[in-house]
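In the UniProt record's numbering, the protein residues as written are 1 to 194.
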């Protein structure tokens, strides 16, 4: 995809604060510190439009970005970070679920999993939830540059087995080397233009 223009639109915590549903949307979900913001910056060829942090739990709002005036990218809060207050953690689940269930323009979800880690219960629950609600999704394995090629293949195989799916359904990704960027755009294009 050729990126001509990208802009931050707004942050939200509830449906009344969401952007108007005028454009198709792709949402990005994953654990805290899995690399959602870095992945979005890599996809849109920007270094810092989406704020990144080495500290988990920084994205606590649903952030909307508009790409080329006709596609909305949505950065969802990360889940699974214990140092965030229980009150905030308790709000995230319903906030994300509400977003996923009410957005009629949502066309795809990109679920990010750190390639160095086994999938956890939350990832399996999300995949089952996406399937039950007929929401198309892709799984991206982030931080591939942190592993050797041999270790990447070993981990892809283990993660695929843990998720009960074929390896070719997983996209290895690195924001540092841009590995997987073109493939992810191709997959998203297919989902946005069936």
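By construction, the Cβ of each residue, glycine as well, lies at the ideal position given by its N, Cα and C atoms.
Nothing here was measured: the structure is a model prediction, and the numbers come from that model.
Pairing CB atoms from the stretch 121-131 with CB atoms from the stretch 35-49, are three or more of them under 8 angstroms? no
Roughly how many angstroms lie between the CA atoms of residue 157 and residue 187, to the nearest whole one? 20 angstroms
Rounded to whole angstroms, what's the CA-CA distance from residue 166 to residue 160? Just pull it up for me. Each residue's alpha carbon lies about 6 angstroms from the other.
In or out: residue 112 buried (at least 16 other Cβ within 10 Å) or exposed? buried
Rounded to the nearest angstrom, what separates residue 25 and residue 46 at their Cα positions? Residue 25 and residue 46: Cα-Cα distance of roughly 19 angstroms.
Name the one or two DSSP bridge partners that residue 11 has. 63
Boundaries (first-last residue) of the alpha helix (DSSP H) holding residue 183: 181-192
Is there contact between the stretch 103-117 and the stretch 28-37, where contact requires at least three CB pairs shorter than 8 angstroms? yes
Apply the 10 Å Cβ neighbour rule to residue 53 and answer buried if 16 or more other Cβ atoms are within range, or exposed otherwise. Bear in mind that the predicted position of residue 53 carries a pLDDT of just 45, short of 50, making it too unreliable to give a figure here.
Compare the Cα-Cα distances from residue 178 to each of 2, 145, 10 and report the closest residue. Of the candidates 2, 145, 10, the one whose C-alpha sits nearest the C-alpha of residue 178 is 145.
Hey, quick one: how far does the alpha helix (DSSP H) through residue 158 stretch, first residue to last? 149-163
Classify residue 5 as helix, strand or coil using the three-state DSSP reduction. coil
For residue 74: DSSP bridge partner residues: 27, 64
Leaving out five residues on either side along the sequence, give the residues of the same chain with a beta carbon under 8 angstroms from the beta carbon of residue 107. 24, 25, 26, 136, 191, 192
Distance, Cα to Cα, residue 2 vs residue 70? Residue 2 and residue 70: Cα-Cα distance of roughly 13 angstroms.
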